[in-house]
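The sequence shown begins at 107 in my numbering and counts up by one.
Below you'll find the structure, written out as structure tokens, and then a few comments.
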Amino acid sequence: MTPFDDLPHEEQLRHLADLAAAALASWGIAAREPPALINLSENATYRVDDAGSDRRWAMRVHREGYHSRNAIASELAWLMALRSDGVVVTPAPVPGRDGELIQSVSHPTMARPRQVVLFQWESGEEPSEKDHLTDKFHILGEVT
């Protein structure tokens, strides 16, 4: 099997999409259509639309070897603390069918399992360049 990083970009995207679709079973979700890629950086982030309702989630497929499971768990704990303390609105992670927030998902197109996290979808829009965000960034800086 060709290492993932050595595959052409389009093939990498297909493999990630296949893994994201397979990961839905970890949450018992029947999607209306395959997860839609919305961002690709150090991780791949997908929008997932439920087949039977208007529910929507964001799924993050972690890059292999980028962060440990413990580091991901620490980030999720921090996000949940920020949310529960009312500091900033953060997406809430969704436990899988096994109760775990982080799912290890295997797929035949990947040599090793990937860590996958599902988040509740938060509606909103990207701030415009005209928005005054200085105060909000000061708050965020204080808690980091």
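Each residue gets a CB set at the ideal place from its N, CA and C atoms; glycine is no exception.
Self-check item: Simplified DSSP state of A187, which is helix, strand or coil
Solution: Correct three-state label for A187: helix.
Exercise. Could you tell me which residues DSSP pairs with L122 in its beta bridges?
Key: According to DSSP, which records beta bridges pairwise, L122 is partnered with nothing at all.
Quiz item: Looking only at its own chain, which residues have a Cβ that is under 8 Å from the Cβ of A217, when we skip the five neighbours before and after it?
Solution: Correct list, in chain order: M107, P109 and F110.
Quiz item: Do you know how far the Cα of T215 is from the Cα of L105?
Solution: Beyond the ends of the chain as shown, which are 107 and 250, falls residue 105; an answer cannot be given.
Practice problem: Measuring alpha carbon to alpha carbon, tell me which of L122, E228 and P233 ends up nearest V167. | Solution: L122
Quiz item: Name the DSSP beta bridge partners of F225, please?
Solution: Answer is A164 and P199, bridged to F225.
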